[in-house]
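Chains as they are written, first to last, in my numbering: chain A, 182 to 486; chain B, 167 to 430. For every residue, glycine included, the Cβ atom is placed at its ideal position computed from N, Cα and C. Predicted model only: the values in this text are computed from it and were never measured. What follows is a short report on a single structure.
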Amino acid sequence: MPEHDKRRRLTRGERLVIAAPYAWIALFFLAPFALIVKISLSHPTQTRPPYEPVFDLSNGVSGLWERISQLGLDAYRGLAEDNLYLDSYLSSLTIAGVATIICLAIAYPFALAIARAPRRLRPILIGFAVAPFWTSFLIRVYAWITLLKDEGIINHALMALGLIEAPLPMLATSGAVVVGIVYSYLPFMLLPLYAAIEGQDPALREAAADLGAAPLQVFLRVTLPLSRRGIVAGALLVFIPAVGEFVIPDLLGGSDTLMIGRTLWNDFFANRDWPAASAATVTLLALLLVPILLFERAQLREGRR
Amino acid sequence: MSGARPLRLAALIAGFGFLYAPIVILATMSFNASRLVTVWGGFSTKWYAALLHDEQMLRAAEISLAAAALSALIASINGLLAALALARFGGFRTRTLFAGSIYAPLVMPEVVLGLGLLLVFVALGVERGFLTLALAHSAFTMCFATVMIHAALKGCDRTLEEAAMDLGATPFRAFALVTLPLIAPSVVSAYLLAFIISLDDLVIASFTTGPGATTLPMRIYSQVRLGVSPEVNAISTLLLAFVSVALGLSALLTRGRAKGGGAG
């Protein structure tokens with residue numbers, strides 16, 4: 182829309198409306214990022230807070246300049262040299278990627294089935310499918326411990342059926358983390374997929390069928406391509422937070438399941454190395470920059486419609 | 167097309183089974199007299215009784231509820247204002263920055279937000295505790311509230327407000343008397359949503375709260391790390407029940423709005 186292209190000044194009344202939310206965003210979203218970057222460039226110390234300030238205006242501009250010349254990239258050098266971080270990043274991306282694909286594979290038929298249900302039932306079905314998202318995340322992850330542990334329900338059932346003789350070690354593995362992510366983030370995948378499938382004009386499918394396309398062909402050549410936007414949105418909504426996930430790898434993963442959220446948490450809380458944790462955060466954001474920008478673009482487009 | 171029907175039914179059953187089975191099992195186990203997951207020791211409410219005597223758990227629940235109530239209030243007011251700006255102000259300067267900053271926290275890993283917020287509080291020299299917790303929660307739940315209210319505002323017929331202004335109402339009066347009642351259910355829903363998200367948050371709370379204000383998820387988390395316990399099953403079930411009621415309320419409100427809106 183052209184009216185959005187010419188950027189205008191806000192009127193006084195409008196400024197009054199936007200002031201409070203803008204202040205909140207600046208203070209609690211933009212300032213934090215500036216600080217994370219700043220502290221990632223400082224040196225760890227034994228003081229409280231455990232970092233040496235970089236930009237301190239008390240010495241005036243000349244003092245500031247002196248500081249900048251001493252800016253430390255130590256924390257980043259530390260990251261690059263430490264295999265723990267490299268492994269954490271790689272393993273986070275892999276686990277999140279695998280989980281996103283499995284999530285899509287489960288959510289697509291589910292979303293399709295809901296979108297093709299009688300019109301009257303659709304809101305109820307999608308409501309119930311998304312409802313678990315609002316219930317406690319922590320508790321839903323915790324529920325899987327009961328299912329997956331050695332003396333848990335799945336192992337118990339498998340042994341009772343005589344399928345296995347000794348319990349399968351399922352808890353404390355990367356597989357358990359993938360299951361946890363798929364389970365916790367399924368509604369995020371489901372909702373955009375459902376919206377994309379449900380919004381399609383049924384006449385398109387009918388036309389394809391009239392022209393002789395088999396049901397599978399109709400799906401592959403009409404329904405699937407038309408739901409591309411939903412697939413992309415769902416995949417981003419799952420992948421981006423999953424890469425930085427802390428709770429799931431911590432509760433369901435083993436001590437060898439490295440994920441960056443967990444490494445960062447330990448750096449911060451256990452090792453009290455704030456510059457390292459901040460540098461790890463900046464690197465994480467850099468890794469996620471492309472998917473986050475894609476998500477932002479989709480949202481901004483959506484928000485203007 | 168009828169051949170696809172059993173397949174769709176199977177997809178529905180599998181999907182809902184996957185989503186609900188773990189929750190149902192957890193809730194069932196909270197009534198199990200036995201400590202063992204695989205042994206049914208009979209129906210019992212003793213774990214709930216044990217909860218009532220767990221002072222630390224009760225205190226944590228109190229703090230979580232208070233933080234959720236306060237942060238959701240700030241979040242829904244700010245969310246309403248932000249949604250108004252997004253829906254009504256068109257393409258103002260810095261719109262992209264504003265909108266982008268609203269949407270980004272929706273997907274941002276929580277550890278990133280938590281660490282950033284903590285650094286702000288440290289830089290400001292604020293002692294961490296209940297207040298910083300509530301402020302931090304208000305900041306990130308505001309984004310969810312904005313998206314929800316924005317959706318309702320977009321669906322709102324603007325001509326009604328314009329009619330009110332033609333009849334001499336000031337823009338503020340027109341908004342307060344015409345549009346606000348129309349979107350009120352979604353504002354209440356946004357409050358409930360912000361409340362629930364705050365109540366559930368572990369990561370951001372761990373970064374931003376202080377020693378005196380341990381939240382319920384933090385308490386549950388430290389117990390869960392020690393292993394599965396029936397008391398945790400019980401508190402989890404209570405929380406699930408609480409959230410289900412809040413969710414049901416919110417659904418009823420939005421349904422009422424959808425019906426009312428359908429006529430217009």
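(request) For Y536/A, return the contacting residues in chain B, with the cut-off set at a CB-CB distance below 8 Å. (result) No answer is possible for residue 536/A: it lies beyond the span of chain A, which begins at 182 and ends at 486.
(request) For R402/A, name the three-state secondary structure that DSSP assigns. (result) By 1-based counting over the first sequence, the position of residue 402/A is 221. Here R402/A sits in helix by DSSP.
(request) Find out if the Cβ-Cβ distance for the pair H316/B, S364/B is shorter than 8 Å. (result) For the purposes of this step, residue 316/B is identified with residue 150 of the second sequence, where counting begins at 1. For the purposes of this step, residue 364/B is identified with residue 198 of the second sequence, where counting begins at 1. Their beta carbons are not under 8 Å apart, which means H316/B does not touch S364/B by this criterion.
(message) Tell me the rounded alpha-carbon separation between A248/B and Y269/B.
(response) To locate residue 248/B, count along the second sequence from 1; it is residue 82. To locate residue 269/B, count along the second sequence from 1; it is residue 103. Going from the Cα of A248/B to the Cα of Y269/B covers about 12 Å.
(message) With H, G and I counted as helix, E and B as strand and the rest as coil, what does DSSP make of R324/B?
(response) Locating residue 324/B in the second sequence gives position 158, where the first residue counts as 1. Helix at R324/B.
(message) So, with DSSP's three-state summary, where would you put F258/B?
(response) Residue mapping note: residue 258/B aligns to position 92 of the second sequence, counting from 1. In the structure shown, F258/B sits in a strand (DSSP, three-state: E or B).
(message) Can you tell me where the alpha helix (DSSP H) holding D391/A begins and where it ends?
(response) Working through the first sequence from its first residue, we reach residue 391/A at position 210. Its alpha helix (DSSP H) spans residues P383 to D391.
(request) Have a look at F184/B and R297/A and give me their C-alpha separation to the nearest angstrom. (result) The residue given as residue 184/B occupies position 18 in the second sequence. The residue given as residue 297/A occupies position 116 in the first sequence. Their Cα atoms are separated by approximately 20 Å.
(message) I'd like to know if the stretch 387 to 401 of chain B and the stretch 337 to 346 of chain B are in contact, where contact means that at least 3 CB-CB pairs between them fall below 8 Å.
(response) no
(message) Whole angstroms are fine: how far does the CA of F209/B sit from the CA of T403/B?
(response) Residue 403/B sits at position 237 when you count from the first residue of the second sequence. Residue 209/B sits at position 43 when you count from the first residue of the second sequence. In a straight line, the C-alpha of T403/B is about 15 Å away from that of F209/B.
(message) So with CB distances below 8 Å, who are the chain B contacts of R189/A?
(response) The residue you call residue 189/A lines up with position 8 of the first sequence. Per Cβ cutoff of 8 Å: G256, G257, F258 and R259.
(message) Taking the straight line between their C-alpha atoms, what separation do you get for I473/A and P348/A?
(response) One-based indexing of the first sequence puts residue 473/A at position 292. One-based indexing of the first sequence puts residue 348/A at position 167. Approximately 41 Å, taken between the alpha carbons.
(request) Return no unless some Cβ of chain B is closer than 8 Å to the Cβ of Q398/A. (result) Sequence index remark: in the first sequence, residue 398/A carries index 217 (1-based). So no, Q398/A is outside the interface.
(message) List, from N- to C-terminal side, the alpha helix (DSSP H) runs of 4 residues or more that fit wholly inside the stretch 258 to 330 of chain B.
(response) 261 to 273, 276 to 290 and 296 to 320
(request) Examine chain A for any beta-carbon lying closer than 8 Å to the beta-carbon of V292/B, and answer yes or no. (result) In the second sequence, counting from the first residue as 1, residue 292/B sits at position 126. Cβ-Cβ to chain A under 8 Å: no for V292/B.
(message) Here's a check: name, in chain order, each residue in its chain whose Cβ is nearer than 7 Å to the Cβ of L374/A, leaving out the five neighbours to either side.
(response) Here residue 374/A is taken as the residue at index 193 of the first sequence, counted from 1. So the list reads A288, Y289, A292, S408, G411, I412 and G415, once near-sequence residues are dropped.
(request) Measure the C-alpha to C-alpha separation of F210/A and S200/B and round it to an integer number of angstroms. (result) In the first sequence, counting from the first residue as 1, residue 210/A sits at position 29. In the second sequence, counting from the first residue as 1, residue 200/B sits at position 34. Cα to Cα, the separation comes out at about 47 Å.
(request) Would you mind telling me which residues of chain B sit closer than 7 Å to Y203/A, beta carbon to beta carbon, in chain order? (result) Residue numbering aside, residue 203/A sits at position 22 when the first sequence is read from its first letter. The answer, in chain order, is F264.
(message) Bridge partners for F209/B per DSSP, in chain order?
(response) What you label residue 209/B is simply residue 43 of the second sequence in a count that begins at 1. According to DSSP, which records beta bridges pairwise, F209/B is partnered with N198/B.
(request) Please check if any C-beta of chain A sits within less than 8 Å of the C-beta of G181/B. (result) If you number the second sequence from 1, residue 181/B lands on position 15. Yes, its Cβ sits closer than 8 Å to a Cβ of chain A.
(request) For R171/B, I'd like the list of residues in its chain whose CB is within less than 6 Å of its CB, leaving aside the five on either flank, ordered along the chain. (result) Position 5 of the second sequence, counted from the start, is the residue given in the question as residue 171/B. The answer is none, since no qualifying residue turns up.
(request) Could you name the residues that DSSP lists as bridge partners for R189/A? (result) Residue numbering aside, residue 189/A sits at position 8 when the first sequence is read from its first letter. Note: R189/A sits in a beta bridge opposite F258/B.
(request) Taking only beta-carbon positions, decide if I473/A is within less than 8 Å of chain B. (result) Taking the first sequence and counting its residues from 1, the one referred to as residue 473/A is at position 292. With 8 Å as the cut-off, I473/A counts as an interface residue toward chain B.
(message) Tell me which residue opens and which closes the alpha helix (DSSP H) that E379/A is part of.
(response) As a first step, residue 379/A is located in the first sequence; it is residue number 198 there, counting from the start. Start and end: S355 to E379.
(message) According to DSSP, simplified to helix, strand and coil, what is M340/A?
(response) Stepping through the first sequence from its first residue, residue 340/A is reached at position 159. Note: M340/A maps to helix in three-state DSSP.
(message) Once DSSP output is grouped into helix, strand and coil, what is the label at A395/A?
(response) One-based indexing of the first sequence puts residue 395/A at position 214. Residue state, collapsed to three classes: coil.
(request) Thinking Y270/A and I441/A are a contact (beta carbons under 8 Å), I'd like their distance in whole angstroms, please. (result) Looking up residue 270/A in the first sequence gives position 89. Looking up residue 441/A in the first sequence gives position 260. Right, the Cβ-Cβ distance comes to about 6 Å (below 8 Å), so this counts as a contact.
(message) Does any residue of chain A have a CB that is nearer than 8 Å to the CB of N244/B?
(response) Here the question's residue 244/B lines up with position 78 in the second sequence. N244/B counts as touching chain A.
(request) For I189/B, return the contacting residues in chain A, with the cut-off set at a CB-CB distance below 9 Å. (result) Numbered from 1 along the second sequence, position 23 holds the residue referred to as residue 189/B. Under the 9 Å cutoff, chain A gives P313, T316, I320, R321 and A324.
(request) Please state whether DSSP places E346/A in a helix, a strand or coil. (result) For this step, residue 346/A is matched to residue 165 along the first sequence. Coil, per DSSP.
(request) Please list, in chain order, all residues of the same chain as R141/B whose beta carbon is under 7 Å from its beta carbon, the five residues on each side excluded. (result) Since the first and last residues shown for chain B are 167 and 430, residue 141/B lies out of range.
(request) Report yes if the C-beta distance between R443/A and F420/A is below 8 Å; otherwise report no. (result) As a first step, residue 443/A is located in the first sequence; it is residue number 262 there, counting from the start. As a first step, residue 420/A is located in the first sequence; it is residue number 239 there, counting from the start. Result no, Cβ atoms of R443/A and F420/A do not sit closer than 8 Å.
(request) Give the secondary structure of R391/B by DSSP, where H, G and I count as helix, E and B as strand, and everything else as coil. (result) What you label residue 391/B is simply residue 225 of the second sequence in a count that begins at 1. Correct three-state label for R391/B: coil.
(message) Buried or exposed for W206/B, going by 16 or more other Cβ atoms inside 10 Å?
(response) Locating residue 206/B in the second sequence gives position 40, counting from the first residue. Looking at its Cβ environment, which holds fewer than 16 other Cβ atoms inside 10 Å, W206/B is exposed.
(request) Determine the burial state of D366/B: buried for a count of at least 16 other Cβ atoms within 10 Å of its Cβ, exposed for fewer. (result) Looking up residue 366/B in the second sequence gives position 200. Looking at its Cβ environment, which holds 16 or more other Cβ atoms inside 10 Å, D366/B is buried.
(request) Kindly indicate which three-state DSSP category L250/B falls into: helix, strand or coil? (result) On the second sequence, position 84 is the one that residue 250/B refers to. Here L250/B sits in helix by DSSP.
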